[in-house]
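Peer 1: This is the structure I have questions about; it appears just below.
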């Protein structure tokens, strides 16, 4: 569903809700006005007002019909056009009745309120944010009023009252044809404004959808700066192959340490630990790919390019080590045991993009380097180090960082045919 489809669906719902209230109010106004006029006629307070009485009752009846349609949410698509154009045509009804029943025909009310009611009803169509409907309403009203002027031309020429305020002789037809011209212009103006507002709202919906998508795809463990940069640069969230640095971090002995703890305590400790690690990762412009039990997987240079993904990943790893030291000092003060973890770093090609079902997608990376990074991390305990780097990762580091690393071992990782060279930090 594109933005305009979603917008149309929302507008359709609001049109029915608005029409339900508006048409009911209009029906009450029509019937009550008709009743008041009838009472005035019955007691001879006003004479010769049968046409306005019929017109108000007709308008009330039409409004009542629309109320029931809107209540059932049936005002949509072409029905919306029929309903709104029907409302725009209501002023023409009194002219038609007058033309058929009164001596002076439609000219009787040619300068009365019904002529101005067209403009109000044209404006009302604007809340549907439908350019064609509003413009068509202006044309529709103009055509009807022009016909009324044409068929009333003979009686208009017999008018004896001159508009002294306007210094205009009301018998000149050109004076009346300005009004339908203004109806067309009004319809176009309302249509243009409505269309502009429609575009603005649609852009707002798209922006909100992007925000929601980014928050769901990347979660809260992506720095706001990274998320904002993705949106500003309009980075496509599509599948692609890319060389990235992958970080894998796992707590050592977590299962054993958690055996006798209640679940809520385990969750509390994990969240505190994850917060400390996540801050280190996002500060270094990394993206938390996922949490797997007590493990964290992060990617550098994935969603947005980094000058040196490996350099950023190593910076994040150092920050994680420091943050864990701070966290452990707090734990020691509370009488809790230290948390120990291992961090594995690897560099290579992955496939990254929004992966999942139609209704649920996560932005993640897939590739052999993911499994390799996890296996590198698992060797931290064996080699008694907190951090291990692959040779591929080491090769991508700037010289200043390479000087702080040393070759630790060559090992055959599970599922690999060739040995992997591992590096560790000197301090």
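Residue numbers (the UniProt record's numbering): 1 to 427. Quick reminder that beta carbons are idealized off the backbone N, C-alpha and C, glycines included.
1. When the Cα atoms are used, what is the spatial distance from residue 421 to residue 291?
2. Could you tell me which whole beta strand (DSSP E) segments of length 3 or greater appear in the segment 335-393?
3. Within 10 angstroms of its Cβ, does residue 80 collect 16 or more other Cβ (buried), or is it exposed?
4. If you drop the 5 nearest sequence neighbours on each side, which residues of the same chain put their C-beta closer than 7 Å to that of residue 398?
5. Would you mind reading off the limits of the beta strand (DSSP E) that contains residue 243?
6. Between residue 316 and residue 345, is the Cβ-Cβ spacing less than 7 Å?
7. Which partner residues does residue 410 have in the DSSP bridge list?
8. Can you check whether the CB of residue 30 is closer than 7 Å to the CB of residue 63?
9. Considering residue 402, what are the terminal residues of the alpha helix (DSSP H) in which it resides?
10. May I have the straight-line CA-CA distance separating residue 221 from residue 412, to the nearest angstrom?
11. Where does residue 181 sit, in a helix, a strand or coil, going by DSSP?
12. Excluding the five sequence neighbours on either side, which residues of its own chain have a C-beta within less than 7 Å of the C-beta of residue 139, listed in chain order?
13. Can you give me the Cβ contacts of residue 13 inside the same chain, cut-off strictly under 8 Å, excluding the 5 residues immediately before and after it?
14. Put residue 130 into one of helix, strand or coil per three-state DSSP.
15. Ignore the nearest five residues each way along the sequence and tell me which others in residue 117's own chain have a CB closer than 6 Å to its CB.
16. If the criterion is Cβ atoms closer than 7 Å, does the pair residue 323 and residue 386 meet it?
17. Taking 7 Å as the cut-off, decide whether the C-beta atoms of residue 250 and residue 342 are in contact.
18. Report the residue ranges of all alpha helix (DSSP H) runs contained in full by the segment 41-118; include only those spanning at least 4 residues, in chain order.
19. Excluding the 5 residues preceding and the 5 following residue 166 in the sequence, name in chain order all residues of the same chain whose CB lies nearer than 7 Å to its CB.
20. Pick helix, strand or coil for residue 288, following the three-state DSSP scheme.
21. Under 8 Å, with one C-beta from each stretch per pair, do the segment 259-279 and the segment 365-385 reach the 3-pair mark?
22. Based on the DSSP output, what are the partners of residue 443 in its beta bridges?
23. Using C-beta distances below 7 Å, list every residue in its chain close to residue 149, excluding the 5 sequence neighbours before and after it, in chain order.
24. Measuring only the C-alpha atoms, how far is residue 71 from residue 20?
25. Counting only the same chain and skipping the five closest in sequence on each side, list residues whose C-beta sits under 7 Å from that of residue 406.
26. Let's see if you can read the secondary structure: which residues bound the alpha helix (DSSP H) around residue 309?
27. What span of residues does the alpha helix (DSSP H) with residue 153 cover, start to end?
28. What does a CB cutoff of less than 6 Å around residue 393 pick up in its chain, not counting 5 residues either side in sequence?
29. Enumerate in chain order the residues of its own chain whose CB-to-CB distance from residue 306 is below 8 Å, with the five nearest sequence positions on each side excluded.
Peer 2: With the structure as the only source:
1. Walking along the chain shown from the start, residue 421 turns up at place 421. Walking along the chain shown from the start, residue 291 turns up at place 291. Cα to Cα, the separation comes out at about 27 Å.
2. 341-356, 361-366, 387-390
3. Taking the first residue of the chain shown as position 1, residue 80 is located at position 80. Buried: at least 16 other Cβ atoms inside 10 Å.
4. Here residue 398 is taken as the residue at index 398 of the chain shown, counted from 1. Within the same chain, residue 398 has close Cβ partners 308, 311.
5. Within the chain shown, the letter at position 243 stands for residue 243. Residues 240-251.
6. Here residue 316 refers to the residue found at position 316 when the chain shown is read from its first residue. Here residue 345 refers to the residue found at position 345 when the chain shown is read from its first residue. Not closer than 7 Å, so no.
7. Walking along the chain shown from the start, residue 410 turns up at place 410. Answer by DSSP bridge pairing, in chain order: 421.
8. Along the chain shown, read from residue 1 onward, the residue named residue 63 stands at position 63. Along the chain shown, read from residue 1 onward, the residue named residue 30 stands at position 30. Contact flag set, yes.
9. The residue labelled residue 402 in the question sits at position 402 within the chain shown. From DSSP, the alpha helix (DSSP H) with residue 402 extends over 399-402.
10. By one-based count along the chain shown, residue 221 stands at place 221. By one-based count along the chain shown, residue 412 stands at place 412. Any reading at residue 221 needs caution, since the residue's pLDDT is 49, under 50, leaving its predicted position unreliable; the model's value is listed next. Roughly 33 Å separates the two Cα atoms.
11. What you label residue 181 is simply residue 181 of the chain shown in a count that begins at 1. Helix.
12. Residue 139 sits at position 139 when you count from the first residue of the chain shown. So the list reads 184, 187, once near-sequence residues are dropped.
13. Here residue 13 refers to the residue found at position 13 when the chain shown is read from its first residue. Hits under 8 Å: 73.
14. Residue mapping note: residue 130 aligns to position 130 of the chain shown, counting from 1. Coil, per DSSP.
15. As a first step, residue 117 is located in the chain shown; it is residue number 117 there, counting from the start. 91, listed in sequence order.
16. Translated into the one-based positions of the chain shown, residue 323 becomes position 323. Translated into the one-based positions of the chain shown, residue 386 becomes position 386. Against a cut-off of 7 Å, the Cβ pair of residue 386 and residue 323 comes out as no contact.
17. Reading the chain shown from its first residue, position 250 is the one you call residue 250. Reading the chain shown from its first residue, position 342 is the one you call residue 342. It is a contact, given that the beta carbons lie within the stated cut-off.
18. 50-71, 78-88, 90-101
19. One-based indexing of the chain shown puts residue 166 at position 166. Low confidence applies here, because residue 166 scores a pLDDT of 49, under 50, leaving its location unreliable; read the following figure in that light. Here the set comprises nothing.
20. Counting from 1 along the chain shown, the entry for residue 288 is found at position 288. In this structure, residue 288 counts as strand in the three-state DSSP scheme.
21. no
22. Absent from the model: residue 443. The displayed extent of the chain is 1 to 427, so no value can be given.
23. Locating residue 149 in the chain shown gives position 149, where the first residue counts as 1. Around residue 149: 173, 176, 177.
24. Taking the first residue of the chain shown as 1, we reach residue 71 at position 71. Taking the first residue of the chain shown as 1, we reach residue 20 at position 20. Using only the alpha carbons, I get a separation of about 6 Å.
25. Locating residue 406 in the chain shown gives position 406, where the first residue counts as 1. 423, 424, 426, listed in sequence order.
26. Stepping through the chain shown from its first residue, residue 309 is reached at position 309. Start and end: 309-333.
27. Taking the first residue of the chain shown as 1, we reach residue 153 at position 153. Element bounds for residue 153: 153-156.
28. Position 393 of the chain shown, counted from the start, is the residue given in the question as residue 393. 310, 345, 346, 347, listed in sequence order.
29. To locate residue 306, count along the chain shown from 1; it is residue 306. Answer for residue 306: 285, 300, 312, listed in chain order.
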